[in-house]
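Colleague:
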């Protein structure tokens with residue numbers, strides 16, 4: 405389904421989904437499903453990207469994965485800061501606890517993975533701490549920082565949900581793990597019951613916040629979601645581009 409064929413408003417989408425199902429109760433239309441549908445074809449472009457397919461198959465070139473991993477580690481600090489902002493804005497102690505637990509995973513287990521993988525891929529110390537950022541990395545950092553700085557809990561969720569949900573989606577698409585440890589571990593980090601449960605919870609938070617928002621705010625949340633998906637595609641594309649002189653091919657935002 406193309407994003408162009410999706411209802412313009414969540415209210416229209418909810419009415420259409422409810423009518424199609426013939427249900428007067430049960431499962432409510434989900435705000436995150438509306439956002440995901442609007443983000444097509446980029447959603448499929450991200451979850452079924454050449455990068456993710458070659459990663460699953462174990463055929464991705466080390467140079468491409470190395471390039472990707474260096475940029476992703478540079479982005480990790482921004483991601484941690486945005487989750488920290490969400491923790492501060494979260495409406496309940498239960499939500500704050502869930503976010504705090506995930507922050508610990510990012511700053512401990514995942515950070516350890518990067519260090520071990522950098523060692524295996526012989527990434528120089530300077531490249532780990534002061535890499536040359538590709539335009540898409542800077543664009544993603546700017547998007548997350550602006551969403552957190554200029555919005556509230558819902559706006560922060562609108563960029564975090566697609567970032568994590570995309571990874572959960574592509575990681576679960578493979579039938580076998582690649583041979584190289586740093587590839588197989590990157591898949592399993594995003595394909596396990598704990599991460600699946602967290603992403604499901606994160607989506608439910610945005611479902612609630614989005615459904616309760618004004619129509620104008622819903623549109624803003626959807627645009628943030630769509631822009632995140634668009635940049636995730638460009639981020640995977642960049643793994644196959646030389647990083648010495650990055651080309652400014654990042655899609656323009658709204």
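Residue numbers (my numbering): 405 to 658.
From the three backbone atoms N, C-alpha and C, an ideal C-beta is built for every residue, glycine too.
Computed from a predicted structure; not experimentally measured.
With a cut-off of 8 Å, do at least 3 Cβ pairs link the stretch 410-419 to the stretch 578-597?
Modeller: no
Colleague: Taking Cβ to Cβ, would you say residue 487 is nearer than 8 Å to residue 503?
Modeller: Contact: yes.
Colleague: What do you get for residue 636, buried or exposed, if any count of 16 or more other CB atoms within 10 angstroms of its CB means buried?
Modeller: buried
Colleague: Keeping to the same chain, check which residues put their C-beta closer than 6 Å to that of residue 562; ignore five residues upstream and five downstream.
Modeller: Taken in chain order, the residues that qualify are 625, 628 and 629.
Colleague: So the candidates are 515, 568, 465 and 537; which of them puts its Cα closest to the Cα of residue 440?
Modeller: 568
Colleague: For residue 549, I'd like the list of residues in its chain whose CB is within less than 8 Å of its CB, leaving aside the five on either flank, ordered along the chain.
Modeller: 482, 485 and 486
Colleague: Is the number of C-beta pairs between the stretch 607-626 and the stretch 588-598 that are closer than 8 Å three or more?
Modeller: no
Colleague: Once the 5 residues before and after residue 512 are set aside, which same chain residues still bring their CB inside 7 Å of it?
Modeller: none
Colleague: Where do the ends of the alpha helix (DSSP H) carrying residue 464 lie?
Modeller: Counting along the chain, residue 464 falls outside any alpha helix (DSSP H), and DSSP gives it neither H nor E.
Colleague: Quick check on the burial criterion: 16 or more other C-beta atoms within 10 angstroms. Buried or exposed for residue 436?
Modeller: Buried, because 16 or more other Cβ atoms sit within 10 Å of the Cβ of residue 436.
Colleague: Leaving aside the five residues before and after residue 578 along the sequence, list all residues of the same chain whose C-beta is less than 7 Å from its C-beta, in chain order.
Modeller: 460 and 591
Colleague: Take residue 540 and list the residues in its own chain whose beta-carbon comes closer than 7 Å to its own, dropping the five residues that flank it on each side.
Modeller: 635, 638, 639, 642 and 654
Colleague: So for residue 596, helix, strand or coil by DSSP?
Modeller: coil
Colleague: Give the single residue among 492, 534 and 479 whose Cα lies nearest to the Cα of residue 544.
Modeller: 479
Colleague: Roughly how many angstroms lie between the CA atoms of residue 659 and residue 450, to the nearest whole one?
Modeller: Only positions 405 to 658 of the chain appear in this structure, which leaves residue 659 out of reach.
Colleague: CA-CA distance, residue 471 and residue 589?
Modeller: 17 Å
Colleague: Going by beta-carbon coordinates alone, are residue 416 and residue 619 separated by less than 8 Å?
Modeller: no
Colleague: Is it true that the CB of residue 475 sits closer than 8 Å to the CB of residue 535?
Modeller: Contact: yes.
Colleague: Hey, residue 518 and residue 571: beta-carbon distance below 8 Å or not?
Modeller: A distance of 8 Å or more separates the beta carbons of residue 518 and residue 571.
Colleague: Could you give the DSSP three-state label for residue 644: helix, strand or coil?
Modeller: coil
Colleague: Enumerate in chain order the residues of its own chain whose CB-to-CB distance from residue 524 is below 6 Å, with the five nearest sequence positions on each side excluded.
Modeller: 586
Colleague: Contact defined as beta carbons within less than 8 Å: I believe residue 491 pairs with residue 507. What is the distance between those atoms, to the nearest angstrom?
Modeller: Contact holds; Cβ gap of about 7 Å.
Colleague: Between the Cα of residue 575 and those of 599, 557, 556 and 554, spot the shortest distance and give me the residue it belongs to.
Modeller: Out of 599, 557, 556 and 554, 599 has the C-alpha closest to the C-alpha of residue 575.
Colleague: Give me, in chain order, the residues of the same chain whose beta-carbon lies closer than 7 Å to that of residue 425; leave out the 5 immediate sequence neighbours on both sides.
Modeller: No answer about residue 425 holds up, because its pLDDT of 48 lies below 50 and its placement is not dependable.
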